[in-house]
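Below you'll find the structure, written out as structure tokens, and then a few comments.
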Amino acid sequence: MSGNDTPGTPSDTTRYDLGLLFTDGLPEHDEQNGYRGTVAAKAAGISYRQLDYWARTELVQPTIRGAAGSGSQRLYGFRDILVLKLVKRLLDTGISLQQIRTAVNQLRESGVSDLAQTTLMSDGASVYLCTSDDEVIDLVSRGQGVFGIAVGKVLREVESSLVELDATPAADPSDELAARRASRAS
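Residues -17 to 168, numbered by the numbering used here, are exactly what the sequence shown covers, in order.
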């Protein structure tokens, strides 16, 4: 990825449900269970406010279930939480949200078959996707790679944090608020 890339606006066709970004080394995409926003935020190490903002601006949208009005809750899949944690790591290193948005969009479009073997490198201004050790060495030798994020390590961190947290079934969300009210009344 180069610093000359212009960020695009995400559309429905570039969402994570393409299935290209995550095919090897990650848990299977489970559309029956997901993690509520509070759980996803905790696992990714971000605030719920950040999570909500990123969902509303379509940086990282939940693939299990999106919000559908008052009382409904988003449900995030494992892959969503992994991307949330990667975005957080990039922000912590000083990368602008605009560059991160570009990087996330390019990750989606690249069709990387084994994200666990990928390293995200940055020089502080741009983010580069490296799928081999040779690419990492090449970037560092040219002075472009100041730091890197091994995606496989982040993947294991997310897995271990989710072991202790509960997944939520993705049942019909149409009357979730009414169901909560009824359970309180009993």
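A virtual CB, placed ideally from N, CA and C, is assigned to each residue, including glycine.
Just so we're clear, the structure is a prediction, and the values are computed from it rather than from any experiment.
Would residue i be called buried (16 or more neighbouring beta carbons within 10 Å of its own) or exposed?
{"i": "T39", "result": "exposed"}
{"i": "Q14", "result": "exposed"}
{"i": "Y35", "result": "exposed"}
{"i": "L144", "result": "buried"}
{"i": "S165", "result": "exposed"}
{"i": "A167", "result": "exposed"}
{"i": "I82", "result": "buried"}
{"i": "R18", "result": "buried"}
{"i": "A50", "result": "exposed"}
{"i": "S(-7)", "result": "Unreliable positioning characterises S(-7) in this predicted model, as indicated by a pLDDT of 39, which lies under 50. The coordinate reading is nonetheless provided below. That one is exposed."}
Give me the residue from the options with the minimum Cα distance to residue i.
{"i": "A98", "options": "T113, S104 and Q88", "result": "T113"}
{"i": "G27", "options": "G16, T45, L66 and I119", "result": "L66"}
{"i": "A23", "options": "R90, G59, L111 and V109", "result": "G59"}
{"i": "L137", "options": "S29, R61 and I46", "result": "R61"}
{"i": "I46", "options": "S52, L57 and A37", "result": "L57"}
{"i": "T100", "options": "E91, D115, Q88 and N87", "result": "D115"}
{"i": "G16", "options": "L33, R31, P44 and Q32", "result": "P44"}
{"i": "Q55", "options": "L33, A25, T75 and G125", "result": "L33"}
How many whole angstroms separate the CB atoms of residue i and residue j, which I take to be in contact at a CB cut-off of 8 Å?
{"i": "V21", "j": "V42", "result": "Not a contact, Cβ separation roughly 15 Å."}
{"i": "R64", "j": "V140", "result": "Arg is not the amino acid found at residue 64; the sequence shown has Leu there. Going by Cβ atoms, the distance from L64 to V140 rounds to 5 Å, so yes, they are a contact pair."}
{"i": "L72", "j": "V109", "result": "7 Å"}
{"i": "L79", "j": "L111", "result": "Not a contact, Cβ separation roughly 18 Å."}
Within 8 Å, do at least three Cβ pairs link the region 98 to 108 to the region 121 to 140? yes
Contained alpha helix (DSSP H) runs [length at least 4] in the region 24 to 108, N- to C-terminal order: 30 to 38, 60 to 74 and 79 to 92
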